[in-house]
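Here is the structure we will look at.
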Amino acid sequence: MSFKTGRTQSSLSEINVTPLVDVVLVLLIVFMVTAPIIQTGIEVSLPRTRTAAAQDPKQQAVITISRDDILYYRSKPINFNDLGKFLRQDLTDRKQPVFLQADEDTRWKTIVTVLDEIRASGYENVKFPTKPVKRESK
Numbered sequence: 005m006s007f008k009t010g011r012t013q014s015s016l017s018e019i020n021v022t023p024l025v026d027v028v029l030v031l032l033i034v035f036m037v038t039a040p041i042i043q044t045g046i047e048v049s050l051p052r053t054r055t056a057a058a059q060d061p062k063q064q065a066v067i068t069i070s071r072d073d074i075l076y077y078r079s080k081p082i083n084f085n086d087l088g089k090f091l092r093q094d095l096t097d098r099k100q101p102v103f104l105q106a107d108e109d110t111r112w113k114t115i116v117t118v119l120d121e122i123r124a125s126g127y128e129n130v131k132f133p134t135k136p137v138k139r140e141s142k
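Residue numbers (this note's numbering): 5 to 142.
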């Protein structure tokens with residue numbers, strides 16, 4: 005004699021998405037934490053100085069000269085002759101600082117040419133970001 009217990013044997017037709025949601029949320033948190041740390045841009049080796057003030061060129065006009073004398077404006081390669089046009093389009097205040105980053109191995113002639121183009125465009129407030137010299141422990 006067999007009794008029915010009320011349970012029926014059926015295959016599991018639903019997918020358990022809880023582990024998937026957990027993994028996605030962990031990845032989201034990792035990306036949210038690491039995104040502000042990652043700095044994009046052109047890799048240049050800035051010269052070091054003892055009197056370097058902390059400067060934050062993130063929201064400013066940043067001009068970068070690579071070791072190979074390639075000119076970048078806001079991380080986009082541009083021609084030397086177009087620099088003034090880009091500055092006039094982006095900067096309305098002529099007193100706003102323009103950051104000129106140059107690799108420490110960049111030729112001085114290239115830096116002077118870019119500086120001359122910046123000043124010819126009417127911008128006198130040019131800043132040169134540097135890295136502070138690492139102090140030796142005593």
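Don't be surprised by glycine CBs; every beta carbon is placed ideally from N, CA and C.
As the crow flies, the alpha-carbon of T117 is around 10 Å from that of N85. Separation of I82 and G88 (C-alpha to C-alpha, rounded to the nearest whole angstrom) is 11 Å. For T96, the number of other beta carbons within 10 angstroms of its own is below 16, and it is reported as exposed. The closest CA to that of P133, considering only R111, R123, D107, T114, is found on D107.
A direct Cα-Cα distance of roughly 43 Å separates I41 from S17. In the structure shown, P81 adopts extended strand secondary structure according to DSSP, grouped into three states. Within the model, the alpha-carbon separation for D73 versus V34 is close to 37 Å.
C-alpha of I122 to C-alpha of D94: approximately 13 Å in a straight line.
Beta-bridge annotation (DSSP): V27 is not paired with any residue. Put simply, the backbone Cα of L75 is about 40 Å away from that of L29. Collapsing the DSSP output to three states places L95 in coil. Ranking K135, P23, D109 by CA distance to the CA of S70 puts D109 first.
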